[in-house]
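Report on the structure given below.
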Amino acid sequence: MTQLIRELYPICRSITGEGVRQTLRLLAREIPLHVREIPSGTRVLDWDVPREWNIRDAWIKTVRGDRVVDFRAHTLHVMSYSVPVRGRVSLQQLRRHLHSLPDHPDWIPYRTSYYEEDWAFCVTHRQYEAMTEPEYDVCIDSDLHDGSMTYAECFLPGRSDTEVLVSAHVCHPSLANDNLSGIAVAAQLARYVAMKHRRYSYRFIFAPGTIGAIAWLAQHESWVGRIGHGIVLAGVGDPGPITYKASRRGNTEIDRAMAHVLRHRGGEHKIEAFSPYGHDERQYCSPGFDLAVGCLMRSPWGSYPEYHTSADSPDFVTRESLEDSLETCIAAIEVLEGNAAYVNQRPKGEPQLGRYGLYGRTGGSADVNMAMLWVLNLSDGRHTLLDIAERAQLSFSTVRRAADALQDADLLAEAPGLTTRDVARHGDAEGVR
Amino acid sequence: MTQLIRELYPICRSITGEGVRQTLRLLAREIPLHVREIPSGTRVLDWDVPREWNIRDAWIKTVRGDRVVDFRAHTLHVMSYSVPVRGRVSLQQLRRHLHSLPDHPDWIPYRTSYYEEDWAFCVTHRQYEAMTEPEYDVCIDSDLHDGSMTYAECFLPGRSDTEVLVSAHVCHPSLANDNLSGIAVAAQLARYVAMKHRRYSYRFIFAPGTIGAIAWLAQHESWVGRIGHGIVLAGVGDPGPITYKASRRGNTEIDRAMAHVLRHRGGEHKIEAFSPYGHDERQYCSPGFDLAVGCLMRSPWGSYPEYHTSADSPDFVTRESLEDSLETCIAAIEVLEGNAAYVNQRPKGEPQLGRYGLYGRTGGSADVNMAMLWVLNLSDGRHTLLDIAERAQLSFSTVRRAADALQDADLLAEAPGLTTRDVARHGDAEGVR
Amino acid sequence: MTQLIRELYPICRSITGEGVRQTLRLLAREIPLHVREIPSGTRVLDWDVPREWNIRDAWIKTVRGDRVVDFRAHTLHVMSYSVPVRGRVSLQQLRRHLHSLPDHPDWIPYRTSYYEEDWAFCVTHRQYEAMTEPEYDVCIDSDLHDGSMTYAECFLPGRSDTEVLVSAHVCHPSLANDNLSGIAVAAQLARYVAMKHRRYSYRFIFAPGTIGAIAWLAQHESWVGRIGHGIVLAGVGDPGPITYKASRRGNTEIDRAMAHVLRHRGGEHKIEAFSPYGHDERQYCSPGFDLAVGCLMRSPWGSYPEYHTSADSPDFVTRESLEDSLETCIAAIEVLEGNAAYVNQRPKGEPQLGRYGLYGRTGGSADVNMAMLWVLNLSDGRHTLLDIAERAQLSFSTVRRAADALQDADLLAEAPGLTTRDVARHGDAEGVR
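Protein chains in written order, with my numbering: chain A, 203 to 635; chain B, 203 to 635; chain C, 203 to 635.
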């Protein structure tokens, strides 16, 4: 994952343009990707797809021709969606188009102006202070034209056509945690899921923030009922502890699975209630969709000084955090995949477990034996294994193992209804759509 | 309000009689009042309206003719509803008819005997101890006759005939906090409400405690379904922090509005669960009516030493407390008036707020911008603005302001059903009834 | 109760055999008992009734003939259900059939092998260490044959055929707290209940643990719907504080009654959630029955070192603990017996209590007066007296007393429905069945 992040880091991404396409091409080497283009001007829900923005070069030069600010040195130097500009400006004029961070004089801030025509340079405060000459030559060699917005999907069909959505935003330029970390963890998770027998189908979305999620929702408006569970991955590589922000409904299966996994993995973590500000869960959880989509982060956006600055570099992201984020996702998916409700086939009294070779059997831990009693006691078709694990204060995997043993001994049968739903296959679910 | 309290203070009120009438006459100079008389003996629910009690004078004199206790000095000197008495009694006999407070030797206690025929004097303990002569002449020049019980209403019609009830008891003689404070705040609140555009109709009731509320309920038995919300005001001028006692149902809109207002006003306050003892909420919340009526107090009855003694004088009541109580009521009424459920008209994804001039617009505080996102996200017809304010941990007024902006931009429409109910006008709601 | 415990202590009980029969014969002198025998091999739910086990004598002797371990000295010396054995064994062989407790060198452990054919001696660790000779003669003069399993019931019919189940396991040999204490408290409770006017019918079950409860459930499978409430009594004599383990449903009337009683009795106590491990509540609360049966213990099983050792002798059990356990059961039964929902007959406003002689009447404590207001306020047919007591934070008995006074004054009538259910009498409920 760190390798992929370093590879993607130098690319100048924005909500549209070649940067996103190049990013998705590199990603397509890792996982099967279906890339889509949506023409500028397309109405998507309440929004219009904006013009496509591309940039070739940009600089601030002294009148003697020395580049004092150079886009080739860092993509953050130009405010995203800056209109083209070329000419000589006074220092006073220029300063109205400069952003810097006095408190962090070596960091470049990240700024955008998607929906208002403007141009600006983002510079370190040392650069800002060093610009003392009366005039400078400036050039932003960008263009805005009717092109298209790009996003990609990786679809992995399962036995059921109920889908698990994993979404990462791809619109930020050279920022590592926000959100190359999310892209890398999503890609690695897709590789993991691709190798597993799957109950659910999985859909990984790599799209520009806000407008990309809105475009995807617009194009799948009649379809989103299939999304049973989802996670937005955003800022999952910084050294802070994990934060899971619950879905709008707040007690959906993904919310409960994540809370369970985080509690049983131990270690510091935080679970936040939904709020309508943050990442693309804002769109997935808008009231007209209200999907069961939460957001996995480490340090929440805005809560760390490196956020949206050049200090969010590949060095800021740790291998341990990326792996911990990935393992948390995998564990949550194991819960979703393995969660089901069962009916005890000997519900009156306890079954004589010795009869089935299940009493204190070798290799069975005390936890699994206790879990068998819990599963038998609560398997009345109304409690899922996750319900049981929570009530028994046992890990889901222990409870799942106990249920497997009981099912093998015909003491447990899947509760009717769930199976049917999962077996129903969507006609064309056989590949990446 | 302090002016009104000082003016009403000297009057000898009881549950019936001229004192109440005089009080209501003075009050009628402040607000439009409709005064009602209910004849003695009228059956009201499980009670009978008692005989009317009036008193002209009362004293204890030495046999030499010196008044040692004088009703003209303080109305509390005579136990309320004392039967007439005149004659010479031994000190021993007299003492059986004396009440004093040894722990507060300068205070006169307040005593009543509404439903048992008796007479007594209430005296300071210093007076009690000074009475050492073998015999005294006593006189209570009162009478009990079939007359009537008096109460008054101020009705202010609104767009809806759902009513907000505000009730204050008027039966106590010279006691300032209990309940001239409630009367004064209710009157001031009526003046405030009278000047506002009103969604709800408002009914202010000034009636004797217990029997007055019961009589009002008896006379409006088929009507009380119109009472949507209500507050009993009792002891709202002492220097203690505010106490709100919730209605029997405990989670009605007035309960939630009061709790919200108190939390967001800051400062010390207490919210108590309903209990069937206290003020007239006992009657309004009896199970056959079960109205959404709470009780606003400062120090609860019985919790402060001045309670029901001559120390509950106009000096005990502070201007700050009265104003704080009034402002709390006004804020709660603003919540009731402004609370409604809406439906987001662009429920799929977030609307592009910039399109409507609502994105980070000048003058909009960060709170209002955040409130707009909350209102959009939760306006699915199932959440009122108060629900939203509570979940967002924002003040109701901020959320109301956000909803107004969104409604102006046609992004929000009132949820069907609520409007209809409020617009329905009661035929004769056009004046004080 | 301590007398009965000392009398029953020496008997060698197991899940079948003469020890249980002798125990029940002694118990039948205290309370009316109906003893039942279920033949070995009878299928009961998922189990088979095992062969009957009896033992006459057992010993380990030196080859010189000295008894170094003697069953006549303590019934725990032989593992329960040991198959018969007789012969000379090497010390090495013998040690594979010895159990001792190195940490408690003077205590004999308690061991069983019901469902696996084996034999063993349980010895103090001092005995174990003293056995140093190369060979010993061993004898277990037991037999396992097709006989029957024995249990007993004491049935006390009430006005309603809804039953309260009290269950104690009788399968342990010389262990006092586990469970002669439960047997003794159950017997004493039966004597108490027998002398009372009863709303409910009561069924006391004295049966071997697990297999006994399962056999009873198997034989009453179509009947268990009559069990309205139940308590398993197990380990109720040790000096620890009371532990109540709630039923599987967790908020049944018996759970709430026990919690109420323990809170209002004061003193240390613990309320545990249900878990599917423990005593016979495991069977009563299996999902196919899911009865409202909790478990009263003092120190939970396994939580004290004396558990399942010879240190659980009659000296370990205290009179105070037995009486406290009994009184707790009686108080909980008083709640069940007295709990009902009523309808206030003057639900509009408060009734004028003075009219009925109920206002501040002599002998009525402040609590009872307050309880009357609570009962009147909440008696809308939807709140039971236990609900009211909990909400009012008053003891059930105070609330019951208030309801009685109000019912005597015709201010309260029993809520329809409850009466009918209770009055319905089961045809043959007139004696021990």
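Here a beta-carbon is modelled for each residue, glycine too, at the ideal position from N, C-alpha and C.
> Within the 8 angstroms Cβ cut-off, does B:Leu-580 reach chain A?
Replying inline: yes
- Along chain C, which residues have their Cβ under 9 angstroms away from the Cβ of B:Ile-636? In the structure displayed, chain B extends from 203 to 635; residue 636 of chain B sits before or after that span and is not available.
Exercise for the section: Tell me the start and end of each unbroken alpha helix (DSSP H) in the segment 492 to 534 of chain B that is at least 4 residues and wholly inside, in chain order. Expected result: none
Next on the checklist: DSSP three-state label for B:Asp-589, please.
Outcome noted: Helix at B:Asp-589.
Notebook entry, point to check: Considering only residues of the same chain and omitting the five flanking positions on each side of A:Arg-290, which have a CB-CB separation below 6 angstroms?
Noted result: Glu-337, Asp-339
### Neighbour flag for C:Tyr-353 against chain A, beta carbons, 8 angstroms
No, C:Tyr-353 does not count as interfacial toward chain A.
What is the C-beta distance between C:Trp-255 and C:Phe-273, in whole angstroms, given that I count them as a contact (C-beta under 8 angstroms)?
Not confirmed; about 14 angstroms, so no contact.
Let me see if you follow: with CB-CB separation under 8 angstroms, is B:Leu-575 close to chain A or not? Closer than 8 angstroms: yes.
Check: Closest to B:Ser-284 by CA distance: which of B:Cys-214, B:Pro-478, B:Ser-567 is it?
Finding: B:Cys-214
Buried versus exposed, by CB contacts within 10 Å (16 or more), B:Leu-587
buried
At the 8 angstroms Cβ level, is B:Pro-618 part of the contact set with chain A, yes or no?
no
- Taking the beta strand (DSSP E) that C:Trp-261 falls in, what are its first and last residues? 254 to 264
Proximal chain B residues relative to C:Gln-609, where beta-carbon distance stays under 7 angstroms: Simply none; closest approach about 16 angstroms.
With 8 angstroms as the limit, tell me which residues of the segment 487 to 506 of chain B have their beta carbon closer than that to any beta carbon of chain C; keep them in chain order.
Cys-487, Ser-488, Pro-489, Gly-490, Phe-491, Asp-492
Could you name the residues of the same chain whose beta carbon sits closer than 6 angstroms to that of C:Lys-263, not counting the 5 residues immediately before and after it, in chain order? Arg-269, Asp-339
Residue ranges of each beta strand (DSSP E) within the segment 365 to 414 of chain A, 3 or longer:
365 to 371, 403 to 409
Work out the CA separation of C:Ile-433 and C:Thr-621 for me, nearest whole Å. The pLDDT assigned to C:Thr-621 is 42, lower than 50, so where the model puts this residue is not dependable; a value taken from the coordinates is nonetheless given after this. The alpha-carbon atoms of C:Thr-621 and C:Ile-433 are separated by roughly 24 angstroms.
| task | Note down, in chain order, every chain B residue with its Cβ under 7 angstroms from the Cβ of C:Gly-556. | result | Tyr-317
*I think A:Glu-191 touches A:Arg-405, with their Cβ atoms under 8 angstroms apart; what is that distance to the nearest whole Å?*
There is simply no residue 191 of chain A to check, as chain A begins at 203 and stops at 635 in what is shown.
For A:Asn-541, return the contacting residues in chain C, with the cut-off set at a CB-CB distance below 7 angstroms.
Per Cβ cutoff of 7 angstroms: no residues; A:Asn-541 is ~19 angstroms from chain C at best.
Checklist entry - By a C-beta neighbour count over all protein chains shown, 10 Å radius and 16 as the cutoff for buried, is B:Ala-275 buried or exposed? => result exposed
Determine whether the Cβ of A:Leu-538 lies closer than 8 angstroms to any Cβ atom of chain B.
-> no
Following the continuous beta strand (DSSP E) through A:Glu-616, name the residue where it begins and the one where it ends.
Where A:Glu-616 is concerned, the enclosing beta strand (DSSP E) stretches over 614 to 616.
Residues bridged to B:Cys-214 (per DSSP): Looking at the DSSP assignment, B:Cys-214 forms no beta bridge with any residue, so it has no partner.
Within the 8 angstroms Cβ cut-off, does B:Glu-592 reach chain A? no
Does the separation of the CB atoms of A:His-481 and A:His-371 fall below 8 angstroms?
A:His-481 is a Cβ neighbour of A:His-371, given a cutoff of 8 angstroms.
According to a CB-to-CB cut-off of less than 8 angstroms, which residues of the segment 426 to 459 of chain A neighbour chain B?
Arg-450
- Item | Check whether A:Asp-308 and A:Thr-326 have beta carbons under 8 angstroms apart | yes
Could you check where the beta strand (DSSP E) with C:Gly-430 kicks off and where it finishes?
429 to 435
Q) Nearest CA to the CA of C:Tyr-479: which residue from C:His-374, C:Gly-504, C:Arg-467, C:Val-463? A) C:Gly-504
Original post:
In terms of residues, what are the limits of the beta strand (DSSP E) holding C:Val-287?
Top reply: For C:Val-287, the enclosing beta strand (DSSP E) starts and ends at 287 to 292.
Exercise. Can you give me the start and stop residues for the alpha helix (DSSP H) that A:Leu-575 sits inside?
Key: Here the alpha helix (DSSP H) through A:Leu-575 covers 568 to 580.
Quiz item: Can you find a CB in chain A that lies within less than 8 angstroms of the CB of B:Gly-559?
Solution: no
Discussion item. Strictly under 8 angstroms for the Cβ-Cβ distance: is B:Glu-423 near chain C by that measure?
Written reply: yes
#### Entry: Beta-carbon proximity of A:Met-351 to A:Gly-442, cut-off 8 angstroms
Not a contact, by the Cβ cut-off of 8 angstroms.
- Query: Alpha carbon to alpha carbon, how far is A:Pro-183 from A:Leu-346?
  - Reply: This structure does not reach residue 183 of chain A, given that chain A is present from 203 up to 635, and the question cannot be answered.
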